[in-house]
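Numbering (our numbering), first residue to last: 93 to 162. We treat Cβ as the ideally placed atom computed from N, Cα and C, and that holds for glycine. Here's the structure we're looking at; comments come further down.
In structure tokens form, the structure reads like this:
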């Protein structure tokens, strides 16, 4: 069962997701070296994962999916 998410959580997820996307996009737009691009993708992914973590109670099912029983 999914829970409802309040406005502050949605705002936090939007901010984290926006920061993550901006971090990922910046070196690609600037034409930076491949190492900077890899670093940006790594750091940006952490922010995107944080946004997903904030919204995870609203997602249907289990997150991450867990197997029941043995």
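Apart from sequence neighbours up to five positions away, no residue of its chain approaches residue 124 with a beta-carbon distance below 7 Å.
Rounded to whole angstroms, the separation of the alpha carbons of residue 141 and residue 130 is 16 Å. Sixteen is the threshold: when 16 or more other Cβ atoms of the shown chains lie within 10 Å of the Cβ of residue 132, as they do, the residue is buried. Its chain contains 132 as the residues whose beta carbon lies nearer than 7 Å to that of residue 118, once the 5 sequence neighbours on both sides are disregarded; these appear in chain order. For residue 124, there is no enclosing alpha helix (DSSP H), since its DSSP letter is neither H nor E.
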